[in-house]
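**Q** In this note's numbering, the protein residues as written are 74 to 280.
Heads up, the beta-carbon is just placed ideally off N, CA and C, and yes, glycines get one too.
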Amino acid sequence: MRGIDGGLARIAGADRVAARFSPRSLQRRLFVTLAVDPRISRQIAAEISARPEQVAAAVALLDEGATVPFVARYRKEATGGLDDTQLRTLGERLSYLREMEARRGVILAEIRSQGKLTEALEKAITAAETKAVLEDLYLPYKPKRRTKAMIARENGLEPLADAVLADRAADPEALAAGFVTEAVADVKAALEGAREIVAERLVEDAG
């Protein structure tokens, strides 16, 4: 009896999997995939020599958890006959392109928040077809990492750096005494901040 029960359970499980990925179930989800990723569907379709609706059907199945071998073997009718090679390429490109679309949205939002998103720049970012191109376009607008020199400037120490450079004969500690504040604990901290600013300038000039 246990063997029979186990066999029936396996059959029932297989039926549930088949029902989950049935053509009828697929039709209910297909319009959602097409609506969400039309650009991705068209691009992948061109790359694997398929139609966008074939790609959309395969994406719907993969998003539901179906594996490439399962779709290639048991859902040829739903995908219009996409083979194993096409489906594997589709899966890899789907992941890449979705990540790129998410990154594109982040980049557009960041540049827009800076008030620097021109019409030409938006078109270029929208047209970018690789992550590398996206990042190259974003680079001039990417927020810089806060360096020690930046923090020193925020604490008002740039005039101290200018004064030290302008008068090498002056006593640095005497100059720094006038820059001690709540943000700059003591003369030593003021001089360290000034040194960071000078060091950054030297690096920038050398570059």
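Compute the beta-carbon to beta-carbon distance between Y214 and I184, rounded to the nearest angstrom, for a pair I have assumed lies under 8 angstroms.
**A** Indeed, because the Cβ distance is near 5 angstroms, the residues count as touching under 8 angstroms.
**Q** Span of the alpha helix (DSSP H) holding I224?
**A** That run of the alpha helix (DSSP H) goes 221-227.
**Q** If you draw a straight line from the alpha carbon of L99 to that of I121, how long is it in whole angstroms?
**A** The predicted position of L99 is uncertain, since its pLDDT is 46 and thus under 50; no value can be drawn from it.
**Q** Taking a contact to mean a Cβ-Cβ separation below 7 angstroms, would you say V206 touches N228 in this structure?
**A** No. Outside cutoff.
**Q** Exposed or buried, what is E269 when buried is set at 16 or more other beta-carbons lying within 10 Å of its beta-carbon?
**A** Per the 10 Å Cβ criterion, buried.
**Q** Check each candidate in A250, A145, D244 and name the one with the smallest Cα separation from L230.
**A** Answer by Cα proximity: A250.
**Q** Just to confirm before moving on: does the CB-CB distance between V253 and P245 stay below 7 angstroms?
**A** Cβ atoms of V253 and P245: not closer than 7 angstroms.
**Q** Would you check if the region 119-135 and the region 159-168 touch, i.e. whether three or more CB-CB distances between them fall below 8 angstroms?
**A** Cβ pair count under 8 angstroms is three or more, so yes.
**Q** Please report the straight-line C-alpha distance between M223 and A151, rounded to a whole angstrom.
**A** M223 and A151: Cα-Cα distance of roughly 58 angstroms.
**Q** In whole angstroms, what separates the C-alpha of D209 from that of A182?
**A** Spanning the two alpha carbons is a distance of roughly 16 angstroms.
**Q** Could you give the distance in angstroms between the alpha-carbon of P126 and the alpha-carbon of L275?
**A** Inspection of the sequence shows that residue 126 is occupied by Glu rather than by Pro. Each residue's alpha carbon lies about 58 angstroms from the other.
**Q** In three-state DSSP terms, what is L155?
**A** L155: coil per DSSP, three-state reduction.
**Q** Once DSSP output is grouped into helix, strand and coil, what is the label at L207?
**A** In the structure shown, L207 sits in a helix (DSSP, three-state: H, G or I).
**Q** On the premise that E174 lies in contact with I117, defined as a C-beta separation below 8 angstroms, what is that separation, rounded to the nearest angstrom?
**A** Between E174 and I117 the Cβ distance is about 12 angstroms, and since that is not below 8 angstroms, they are no contact.
**Q** Going by C-alpha to C-alpha distance, which of P142, A129, K189 sits closest to P111?
**A** Ranking the options by Cα distance to P111, first place goes to A129.
**Q** Should Q159 be labelled buried (16 or more other beta-carbon atoms within 10 Å of its own) or exposed?
**A** Buried, since its Cβ has 16 or more Cβ neighbours within 10 Å.
**Q** As a quick exercise: from K189, R161, A197, pick the residue whose alpha carbon is nearest that of R177.
**A** The residue with the shortest Cα to Cα distance from R177 is A197.
**Q** By how many angstroms is the C-alpha of T191 removed from the C-alpha of A201?
**A** Straight-line Cα distance between these residues: approximately 15 angstroms.
**Q** Look at the alpha carbon of T162 and the alpha carbon of Y211, and state the distance between them as a whole number of angstroms.
**A** So the two alpha carbons sit approximately 28 angstroms from each other.
**Q** Taking all protein chains shown into account, decide if A139 is buried (16 or more other Cβ within 10 angstroms of its Cβ) or exposed.
**A** By the neighbour-count rule (16 or more Cβ atoms within 10 Å), A139 is buried.
**Q** Could you check which residue in V179, A119, L194 has the C-alpha nearest to that of P216?
**A** For P216, the nearest C-alpha among the options comes from V179.
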